[in-house]
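Novice:
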Amino acid sequence: MKSLIAFAIQQKIILAILGIGVASLSFQMWKYQDEQYQKFLANQQGICEKSLKDAGDTIQKSKALFSAYKPKLLGNNVIASDKISHPGINSQLQKNKPYLLIRSDKSALIPANTPHYKNDYFEGYSKPPGGETIFAAIVTAEPLNDLSALVTSPCSPKPFAVPLKDLYETIQKNDFTPGGNFSWR
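If you read the sequence shown in this note's numbering, its first letter stands for residue 51, the second for the next number, and so on.
(1) Would you give the residue range spanned by the alpha helix (DSSP H) that Y119 belongs to?
(2) With distance defined between alpha-carbon atoms, name the residue in S203, E99, K133, G96 nearest to N146.
(3) Figure out for me which residue from G138, Q83, D216 has the closest Cα to the Cα of K156.
(4) Sorted by chain position, which residues of the same chain lie with C-beta nearer than 7 Å to H136's C-beta, five sequence neighbours on each side aside?
(5) By how many angstroms is the C-alpha of C98 removed from the C-alpha of S76?
(6) In three-state terms, what does DSSP make of F90?
(7) Threshold first: 3 residues or longer. Then list the beta strand (DSSP E) segments lying entirely within the segment 125-187, N to C.
(8) Tell whether a beta-carbon distance below 9 Å holds between L91 and F210.
(9) Answer yes or no: do P148 and T190 have a C-beta to C-beta separation smaller than 9 Å?
(10) Near K208, what residues of its chain come up, given a Cβ to Cβ distance below 7 Å and the 5 sequence neighbours on each side ignored?
(11) How would you label I152, buried or exposed, when you count the other beta carbons within 10 angstroms and need 16 or more for buried?
(12) Give the DSSP-derived three-state secondary structure of S198 in the structure shown.
(13) Who are the Cβ neighbours of S131 in its own chain at under 6 Å, not counting the five residues just before and after it?
(14) Spatial neighbours of Y175 within its chain, please: C-beta separation below 6 Å, excluding the five flanking residues on both sides.
(15) Is it true that the CB of S101 sits closer than 9 Å to the CB of I188?
Quick look at the structure:
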C-alpha cells in the first residue's frame with residue numbers, strides 16, 4: 051500500500067513538473083510571437099506613415115489635388131471638381147495602380163467596419179478626424195462597382211471600399227501648361 055501511495059505521489063510530482071515546463075514553454079512562445087507582432091506593427095506603421103507623407107507631398111505639388119484637399123485656401127483659384135481626374139469616373143481605373151485617396155466627407159481613413167491593426171496608431175485612423183483635418187493616403191485600387199472601388203492601404207490589414215469620388219489620379223492634367231510645363235508652385 052505504501053508503494054502505491056509513493057507511486058501516486060511520484061506521478062503527481064512528475065505531472066506538476068511537466069505542467070510547469072509546458073506553461074513556461076507556452077509563455078516563451080507567446081512572448082516570441084508578441085515580439086514578432088510588435089516588430090511587424092512597427093514596420094507597418096513606417097509603411098503607413100510613408101503612404102500618408104507621400105500623399106501630403108503629392109497634394110502640395112498639385113494645384114488640382116490641393117483644390118480637392120483644401121479648396122477654401124485657394125478661394126477663386128479652385129479647379130472645378132469635374133476637371134480633376136478621378137479614376138473610374140473620368141479616367142480609367144487600373145487595378146493595382148497607385149492612387150490618392152482623399153476622404154471627402156471627413157470620414158475615417160479606414161472604415162470602422164474594416165479590421166485594423168491592434169494598436170493606438172492604427173486605431174486612430176479608424177475614427178473620423180476632428181476639426182479641419184482630412185485624411186489622405188496613397189493606395190492601390192480595383193473596381194468594385196460603378197460607384198466604388200476596393201482599395202488596399204498599408205494602413206489597413208484588409209482592403210476596404212471607398213466611393214470613386216474620393217480617389218484621384220496622382221498626376222493631374224490640369225497641373226501642366228499647354229507646353230507641358232508644370233504650372234504650380
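C-beta atoms are modelled at their ideal positions from N, C-alpha and C, and glycine is treated no differently.
Specialist: Checking against the coordinates, here is how it stands:
(1) The residue labelled residue 119 in the question sits at position 69 within the sequence shown. That run of the alpha helix (DSSP H) goes 113-119.
(2) Locating residue 146 in the sequence shown gives position 96, where the first residue counts as 1. Answer by Cα proximity: S203.
(3) Taking the sequence shown and counting its residues from 1, one reaches residue 156 at position 106. Considering only G138, Q83, D216, the residue with the shortest C-alpha distance to K156 is D216.
(4) The residue you call residue 136 lines up with position 86 of the sequence shown. For H136, where only same-chain residues beyond five positions count, the Cβ hits under 7 Å are L214, K215, L217, Y218.
(5) Your numbering for residue 76 matches position 26 in the sequence shown. Your numbering for residue 98 matches position 48 in the sequence shown. Each residue's Cα considered, the two are about 32 Å apart.
(6) Counting from one through the sequence shown, the residue named residue 90 turns up at place 40. The DSSP-derived three-state label of F90 is helix.
(7) Given a length threshold of 3 residues, each whole run of the beta strand (DSSP E) inside the segment 125-187 is given here in chain order: 148-152.
(8) Residue numbering aside, residue 91 sits at position 41 when the sequence shown is read from its first letter. Residue numbering aside, residue 210 sits at position 160 when the sequence shown is read from its first letter. Taking 9 Å as the Cβ cut-off, L91 and F210 do not qualify as a contacting pair.
(9) Residue mapping note: residue 148 aligns to position 98 of the sequence shown, counting from 1. Residue mapping note: residue 190 aligns to position 140 of the sequence shown, counting from 1. Going by C-beta atoms, P148 is nearer than 9 Å to T190.
(10) Numbered from its first residue, the sequence shown carries residue 208 at position 158. For K208, the CB contacts under 7 Å within the same chain, skipping 5 residues up- and downstream, are T164, P165 in chain order.
(11) Here residue 152 corresponds to residue number 102 of the sequence shown, with the count starting at 1. If you draw a 10 Å sphere on the C-beta of I152, you find 16 or more other C-beta atoms in it, and that means buried.
(12) On the sequence shown, residue 198 is found 148 positions in, with the first residue counted as 1. If DSSP states are grouped into helix, strand and coil, S198 belongs with the strands.
(13) As a working mapping, residue 131 is identified with position 81 in the sequence shown. Cβ neighbours of S131 beyond the five flanking positions: none.
(14) One-based indexing of the sequence shown puts residue 175 at position 125. By the criterion of a C-beta distance shorter than 6 Å, Y175 is surrounded in its chain by L159, I160, C205, once the five residues flanking it on both sides are discounted.
(15) Counting from 1 along the sequence shown, the entry for residue 188 is found at position 138. Counting from 1 along the sequence shown, the entry for residue 101 is found at position 51. Against a cut-off of 9 Å, the Cβ pair of S101 and I188 comes out as a contact.
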